[in-house]
Structure formats: C-alpha cells, structure tokens
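Quick note: the sequence shown uses my numbering, first residue 1050, plus one each step. Working notes for the structure below.
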Amino acid sequence: MSFDLVVRGGTVYDGTGAEGRVTDVGVKDGSVVAVGSLEPNGRELDAAGLAVAPGFIDIHSHSDYTLLLDPRAVSAIHQGVTTEVVGNCGFGCFPIRDPQQARRAIYGYSDDLPLTWSSAGEYFEHLEAARPAVNVLSLVPNGQLRLATLGLSDRPADEGELREMKLLLRESLAEGAWGYSTGLEYAQEQGAGEEELTALAREAPFYATHTRRRDEGAADAVAEALRTGADAAVRLQVSHLVPRNGVEESRRCIELVEAARERGQDVAFDMHTRTFGLTNLYAALPAWALAAEPTALAAILRNPAKRDEMRPHRSILSAGGDWSRVVLLDNEIWPEYGRQDLASIAADRGQEPLDAVFDLLLAGIDELHKLMVIIHAYSEEQQREAFAHRLCVPGSDATTLAPDGALAASFFHGAYTWASWFWRFMVRDERLLTPAEAVHRLTGQPAERIGVSDRGVLREGARADVAVFDPAAFAERGTVYEPNVLAAGMRHVLVNGVTTLRDGELTGERAGLVLRR
Ligand SMILES: [Zn+2]
C-alpha cells in the first residue's frame, strides 16, 4: 500500500479514550488509510517519543469573523486545533439583514471587512474563499436571529417575528449549519422568553446555550436550559457551565446536569480554561448612565447625588462586593494603577471602591474603552471539578489570533492558552486525567456532541486531522498580562492530510474546510 505520508513511531491515542500504543499512521488523499506497523512508503513524519492524536476540536470558538481577517489560525494550529465550532453564545456572522445592527453580535468586527453577505450559505462561501487553515463548522446564532427580526427590542418575539426567526433558522440549517446557539446574558437576547427558545431549539438537532445568568441564580438558569432542551427534544450543550459566583453554585449547576442525564436527557457541557473574565471598567455603570453622551456622563460622574443613585447598581464588576477580584489592566490614562486591583486602588486614594471607579472613568471619559479590567471569577477548585467531570469538554471561548498580521494587536484570553493549558494543568500538573482521557475530551468527545463522525478519531477512513506533540512539553506560554504567546510543545499538525505545522513551524499551507452538515 502506498501513502502520501506516514506518521512514524509515535504513541497513538485514537481519540476514543483507548490507551495509547506505539505505532504508525498512514495518510492518503486527506484520509487515514492505515493505523499499524507500516512499511516505509512515501514521505515520513518522525513521531518517535511523541504523542499522536486526532486534531483537536474547539467546541466553543468565536473565530467566525476573525478567520476572514486572518485565516492562518496561528494560535490554534500551535495547539493542535484542526476544527473550530463557531456561532457560539448567540454570536456569529449570519443571518444578516442590517449590517449595522449585526455588528453587535460579532466578535472582533472591523470596518476593514464590511458585512456584504446575509445568509449562512453566503457566509460559508466567504469563509471558503479566505481558505482557513482549520476546518470550521457553525451553529446558528440566536443573537443574529433576534437582531434580524426584532432589532434590540427587549421583549419576546410576537407570532410573526417568531415565524420569521424559525424560517431564518431552518434556512441556515439547510445551508449546512450544525445547530442553534443562544447567549441569553446579552442585550440583544435578554428579551427572549422560554417558549420562544423552545420553539426555535425544536428546529435544530443540537442546541448550545450561554444561559441567562452566570452569577447569582446561575443554577436556575441551567434549570431553564434543561427544560428548554427536554421540551424541544434536542441534544443540549450548556456552554461554559461554571458560574462566576463560587464553587457551591457550580456544584449545583453540575448536579442539575447530572440529574437530567439520569432522567435520560442528552446533555453535556463545556468550559473555557481562563479563571477570569475581561470587560470594560464602564461595565460598572447602570444602563441609563451608559446611554449618556460623554459630556453628560462626565456631569453624572461628577455629581454626588447621581453617584448615590448609581451605587446600588449590581454589575458584573460589583457582584459579590469583593473589589479585590477586579484588576485594572495596563492603560495610558492611569498608568500608575495598571495591574492593580480596585480595592488597592481605592485604598491608595482613600476612597470607597465605587468612587475610585467613578473617578477613573471621569479621567478617561473620551476614551472609556481604554480602561479594561479582568475579573477573577473562577477558582482552580472549580476548574478541577469541572474538567475532571466526564461530561465536560474544554473550549477556547475566544477568537483564534496570531502574533503577527491583522490580529496581532487583538487579545482574547484563551486564544493561545486553552488546549495547551488543559493538557498541562489536567494531565501533567494535577494528574486528574490520563493522556488517553484528555485526548478524548479534545477530540472524540466534542466530535460526538456536534455529530461529526469522520473526525475526532484516528482510524481507517477518518479524515486525516492529526496533532503530534511532546506530552511532556505541551503547555501554554501566554499569561494574564502577556497573553499573545504561542503554546509550546506542538510538533506537527495535519489538516485534511496536509502538513500545516512541521517541526513546530507553520508550513504556509491552509487546508481547512468549511464543514456543512
Ligand atoms: Zn458565552
């Protein structure tokens, strides 16, 4: 038998969870044609001493739009990622009726690339024309369904609007999308009622939901997702299940999923690997203040009575009242406070934390977006419990980036550090998963959730997406403050049989496909 390529002598983990064995993998015409001891015949990739796995599948990516800006997927390929599932959290690139509105539900939008398409099919064609280095498949984002029919209305859809949303959803699925997703915490979807969501989820084979609340009340929101999934009889994925308000609530969330599973419901969950969230400092303000123009907002921030009015507002920053969890990032407006937490900044200024926030914002009033914070929201204890759970798969929850090119100045924690973190933390440091189990979580398990049958496994007939890495060195190198650093330890990556990374270097090949259901 002749091969285009033989991956020689690595420890092969086939993605099913089976233990690794030292053997060869033969590739021809983009597929795996043999796994076993193979005669030299064709080109060779040396994998001695390395792990050989199916290419990793990122079940929770936000690269919908950024792959059009830079299709090389550099941060992903360097982590062995060969397939990204986009359209998550109700964000995505179709269907689009009003491009101005649609931008609200797209990560990384830039005026350099206007939204000139509307349907799923047209978007897929744009993506194909960009020739991404990774395979991409998409869910249908509810944020775009709502924006296309109700705009920003904060109410459930009426009968006519729901009919239209269903039509758009069906059309998108018929054009090759794999399921439906919601992001119920976001303004464009907050008005969506449970009935509406059930009616829409019923149209799809797979439903991924970023639930309505991820702080206090998170377990109730998971219960809503489970009801929706059961009533709609749909395969359900609870997106980034672990809530931001502590280990007790995350245990309640996990228990609810387990109980539903015992009742026979087809449900599982995923989680991102960062322990913090990134947002704007101005997220501390109530909506009525944020709606004000800069001059008016400055007047509000200066006015003691208005400050008192804003004090009781619960925001993603103030929730819990522990301001030591909120850290201001490096910035030009308050360079002396970069990387300091709000409790320390307030103490330094002899103020209440909220007054410090108001003062910081006042000084940056013309460039409020430059004041960014991270919120330490998740503990390692929560991470250990979630990722050790048999129903949990990791995802980036980020846009794939690159240290050079169009996305060099962007950052999205997780982009460079998710699969690599997962391996380093769960397999090497904590020893909570065996290599075979961890590979399964990154490959066969997400493939099965999505319903992809010819990827996520290394066996004859599967597509030749392959990651070859040093199991003792594979790790993230990006940090909280310097996130844009490529992961270490990934040696070779094949996408559809094409060598995309060789000896740790990109080959320049981009062989990803848009996968249509
Ligand atoms: Zn989300």
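Note that beta-carbon positions come from the ideal geometry of N, C-alpha and C, so glycine has one too.
In the structure shown, what three-state DSSP assignment does V1406 receive? helix
State the Cα-Cα distance for the pair V1123 and F1474, rounded to the nearest angstrom. 22 Å
Check the DSSP bridge columns for Y1256 and list the partner residues they point to. Y1229, L1285
Contact defined as beta carbons within less than 8 Å: I believe I1108 pairs with D1315. What is the distance between those atoms, to the nearest angstrom? Not really, about 15 Å apart at Cβ, beyond 8 Å.
For W1337, is the classification buried or exposed, using 16 other Cβ atoms within 10 angstroms of its Cβ as the cut-off for buried? exposed
Would you report the Cα separation of I1145 and L1054, rounded to the nearest angstrom? 42 Å
Cβ contact (3+ pairs, closer than 8 Å) linking the segment 1152 to 1161 and the segment 1532 to 1539: no
Run of the alpha helix (DSSP H) containing L1305, from where it starts to where it stops: 1296 to 1311
Note down, in chain order, each residue of its chain lying with its Cβ closer than 8 Å to the Cβ of E1224, except the 5 sequence neighbours on either side. S1168, A1169, G1170, F1173, R1565
Applying the criterion that 16 or more other CB atoms from any shown protein chain within 10 Å of the CB defines a buried residue, is R1212 buried or exposed? exposed
Quick check: is any heavy atom of ligand 1 less than 7 Å from the C-beta of S1288? yes
Does at least one heavy atom of ligand 1 sit under 7 Å from the Cβ of H1259? yes
Between I1303 and P1495, what straight-line distance do the alpha-carbon atoms span, to the nearest angstrom? 18 Å
Give me the Cα-Cα distance between T1260 and A1274, rounded to the nearest whole angstrom. 7 Å
Classification of G1557 by the beta-carbon crowding that lies within 10 angstroms, buried from 16 upward: exposed
Check whether L1378 and G1387 have beta carbons under 8 Å apart: yes
When we look at the beta-carbon of Y1530 and count the other beta-carbons within 10 Å, is it buried (16 or more) or exposed? exposed
Starting from the N-terminal side, write out each stretch of the beta strand (DSSP E) that is 3 residues or longer and does not extend beyond the segment 1330 to 1418. 1375 to 1377
Is it the case that the CB of G1232 approaches a heavy atom of ligand 1 more closely than 7 Å? yes
Report back the beta-carbon spacing between G1463 and H1321 to the nearest angstrom; my notes put them in contact at under 8 Å. 5 Å
Reference R1293; option with closest CA among H1418, L1222, R1310, D1371: D1371
Beta-carbon proximity of F1214 to L1249, cut-off 8 Å: The question names Phe, but residue 1214 in the sequence shown is Met. In contact: M1214 and L1249 (Cβ atoms closer than 8 Å).
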